Amino acid sequence: MDITVKRYMDEADGYFSNYWVFVSIEQKTGVSKVIFGSAFYFLMLFISYFNLGASVIVNLFGFCYAFYVSSRSITNKNLAAYIQWQTFWYIYGFLSVLEFFNNFLLYWLPKYYFYKFLFFVWLMYPSTRGATTVYFFFNSKIKSQVAVSELKNE
Numbered sequence: 002m003d004i005t006v007k008r009y010m011d012e013a014d015g016y017f018s019n020y021w022v023f024v025s026i027e028q029k030t031g032v033s034k035v036i037f038g039s040a041f042y043f044l045m046l047f048i049s050y051f052n053l054g055a056s057v058i059v060n061l062f063g064f065c066y067a068f069y070v071s072s073r074s075i076t077n078k079n080l081a082a083y084i085q086w087q088t089f090w091y092i093y094g095f096l097s098v099l100e101f102f103n104n105f106l107l108y109w110l111p112k113y114y115f116y117k118f119l120f121f122v123w124l125m126y127p128s129t130r131g132a133t134t135v136y137f138f139f140n141s142k143i144k145s146q147v148a149v150s151e152l153k154n155e
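Pasting the structure below:
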C-alpha cells in the first residue's frame, strides 16, 4: 500500500476511534471502522448531492454531531475548542435563519444542501477547524474596523 494512503488510513482510524458508534460496529462485525465511517460520509454526500431528503439529513448531521462534540468540549474547558464550537453554532444558526426566511436562496443555488454538507464538514473537521478560521477572519476584520474608527475620531 502506498505510504500516503497508509498515513491517511491511520489518521482516519485514529479519528473514528474517538466515536463509540464506529468502534462498536467494528467490534461486532469485524469490518474496519474506517470503512464504515467513510461509507457514512459518502452516503451523506450522495444523499445531499441528489437532494434525497437532504434538508433534514444535512441539518441533523450538522446538529447531532456538533452537539455531541461541543457538549464534550465544554467539560474540557479548552478555549480553542470553545471558540471552534461557539463559532460553528453561530454559523449554523445564521444558515438556519437564512433558509427559513429566504427560499429564494434555495431556488437559485442548485445542490445547496450538498454544498452546505461540505461546508459543515469543513467547519467541523479537526484538521481544518474551519469554524476557528472563520472566527479569526471576522475577528481581525472587526478589530481593524474599530482601530480605523478610533483613528478617525482622534
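Per our numbering, the very first residue in the sequence shown carries number 2; after that it's consecutive.
Every residue gets a Cβ at the ideal spot worked out from N, C-alpha and C, and that includes glycine.
Since this is a predicted model, take the numbers as computed values, not measurements.
query                                                                                               : result
Neighbourhood of Ile84 by C-beta, 7 Å cutoff - its chain only, sequence neighbours within 5 removed : Thr133 and Tyr136
Straight-line Cα distance separating Phe138 from Ser164                                             : Missing from the structure shown is residue 164; the chain here goes from 2 to 155 and no further.
Alpha helix (DSSP H) segment containing Ser18, residue limits                                       : Here Ser18 belongs to no alpha helix (DSSP H), and DSSP marks it neither H nor E.
Ile75 to Tyr113 span [Cα, whole Å]                                                                  : 31 Å
Per-residue burial, Ser128 [other beta carbons within 10 Å of its own, 16 or more giving buried]    : exposed
Asp3, DSSP secondary structure in three states                                                      : coil
Selection from Ala13, Ser141 and Phe68 that minimises the alpha carbon distance to Ala82            : Phe68
Own chain, CB closer than 7 Å to Leu124, minus 5 neighbours either side, in chain order             : Phe89, Ile92, Gly131 and Ala132
Under the three-state DSSP convention, the category Lys129 falls into                               : It should be pointed out that residue 129 corresponds to Thr in this sequence rather than to Lys. Residue state, collapsed to three classes: coil.
Anticipated Cβ contact below 8 Å, Asp14 with Lys34, distance rounded                                : 7 Å
Supposed close pair Glu100, Leu110 - CB separation, criterion 8 Å                                   : Not confirmed; about 11 Å, so no contact.
Boundaries (first-last residue) of the alpha helix (DSSP H) holding Phe1                            : Within the shown structure, residues of the chain are numbered from 2 to 155, placing residue 1 beyond reach of any answer.
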